[in-house]
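First residue of the sequence shown? That's 667 in our numbering, and the numbers climb one at a time after it. C-beta atoms are modelled at their ideal positions from N, C-alpha and C, and glycine is treated no differently. Worksheet for the structure shown next.
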Amino acid sequence: MMMNYFSTLLFIAFSLTSLTSFSQEKIPVKNAEAILYTGNGANQPLVVGLGGSEGGNAWASDHWKPIRDEFVAKGYAFLALGYFGCEGTPPLLDKIAIDEVHAAIASAAAHPKVNGSKIAVIGGSRGADLALLLGSYYNDISCVIGMSASHAVFPGHTQEFNSSCWAFGGKELPFIPVNNEVVPFLVKGDLRGTFEAMLQDADAEQRCLIKVENIKAPVLLLSADADEIIPAVAMGDKMMARLTANDFKYPHEHIIYKGGHAEPTKHFDVVFAFLEKHFIKAR
Numbered sequence: 667m668m669m670n671y672f673s674t675l676l677f678i679a680f681s682l683t684s685l686t687s688f689s690q691e692k693i694p695v696k697n698a699e700a701i702l703y704t705g706n707g708a709n710q711p712l713v714v715g716l717g718g719s720e721g722g723n724a725w726a727s728d729h730w731k732p733i734r735d736e737f738v739a740k741g742y743a744f745l746a747l748g749y750f751g752c753e754g755t756p757p758l759l760d761k762i763a764i765d766e767v768h769a770a771i772a773s774a775a776a777h778p779k780v781n782g783s784k785i786a787v788i789g790g791s792r793g794a795d796l797a798l799l800l801g802s803y804y805n806d807i808s809c810v811i812g813m814s815a816s817h818a819v820f821p822g823h824t825q826e827f828n829s830s831c832w833a834f835g836g837k838e839l840p841f842i843p844v845n846n847e848v849v850p851f852l853v854k855g856d857l858r859g860t861f862e863a864m865l866q867d868a869d870a871e872q873r874c875l876i877k878v879e880n881i882k883a884p885v886l887l888l889s890a891d892a893d894e895i896i897p898a899v900a901m902g903d904k905m906m907a908r909l910t911a912n913d914f915k916y917p918h919e920h921i922i923y924k925g926g927h928a929e930p931t932k933h934f935d936v937v938f939a940f941l942e943k944h945f946i947k948a949r
């Protein structure tokens, strides 16, 4: 009897595996590394994974394989997109061209298996900022999910901190400059204190806000109350207030967890539910 039970389980597992065969291919693009994962059939909604300040193509790593596989098993095409720190990309997170990132996404969206009218962008940390920027600049982005996102543009990751993280149309985006108040926090290695000190320059903050109100898609933000890198909850609340003040007509949520900077990346059940409701089933 026990052998029959295990034989049945093995048969079910084999059947499920054979029903969803994954394929992987590298899409040739400029200044980015784009790896597309797809399942069976055509017309697959595209989810784009954007890594953070760790660089490389984070979503193509073994660490994120279970989540990638889950996306594909649920019927999505998944694009792991590296935009700095990997082969063929800029070496640093500095003046990254948003338009080149979008061009890479558009190339993947043209794949025969992909539904190019359904594009969701998901990012963590600096990748969340990029996801929000992409949504604010391009109307073909159908859903934006930011995990531990900033509400404004900050300096690129150079020794001098005198350039922007992001660029568009060949021009750097305005960024909040490093001021004298940040020095004690930098010396201590207190990153959150550093960002909070930079945000004391209220005029610069206003000039450098990500224009989330320009997004033409649902927005989900996930933040943690003890984020050691950025004041993510306050930043997320500011973005929600900005959406409300501008009569944003798309679904938008800010969910706050207990924990540190990486905590939002542990709640993909919420991400899948949001996508199902506001991305897949949305008209």
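- DSSP places Q690 in the uninterrupted beta strand (DSSP E) bounded by S689 to I693.
- In this structure, the CA atom of I876 is about 11 angstroms from the CA atom of K904.
- Beta-bridge partners of M813 (DSSP): G790 and L888.
- Under the criterion of beta carbons closer than 8 angstroms, A794 and A815 qualify as touching, at roughly 4 angstroms.
- The residue from V885, L886 and A900 with its alpha-carbon nearest to that of A892 is A900.
- A Cβ-Cβ contact shorter than 8 angstroms links I762 with W832.
- Counting only unbroken stretches of 3 or more residues, the beta strand (DSSP E) elements lying wholly within the segment 788-868 are 809-813 and 832-834, in sequence order.
- Linking F945 to S808 through their CA atoms gives a straight-line distance of about 7 angstroms.
- Bounds of the beta strand (DSSP E) holding P711 are Q710 to L716.
- The segment 744-758 makes contact with the segment 714-729, as at least three CB pairs between them are under 8 angstroms.
- In the DSSP assignment, E879 is bridged to no other residue.
- Residue state for T910 is assigned as helix, using DSSP reduced to three classes.
- Cβ atoms of S802 and N880 come within 8 angstroms of each other, at about 4 angstroms.
- Taking a C-beta distance under 8 angstroms as the contact criterion, P897 and A870 do not qualify as a contact pair.
- Three or more Cβ pairs closer than 8 angstroms define a contact, and the segment 882-891 meets that threshold against the segment 914-925.
- Restricting attention to P850, Y749 and F820, the CA atom closest to the CA of A770 is found in Y749.
- The DSSP-derived three-state label of I771 is helix.
- The continuous stretches of alpha helix (DSSP H) do not include E942, and DSSP gives it neither H nor E.
- CA-to-CA, the gap between T931 and D728 works out to about 15 angstroms.
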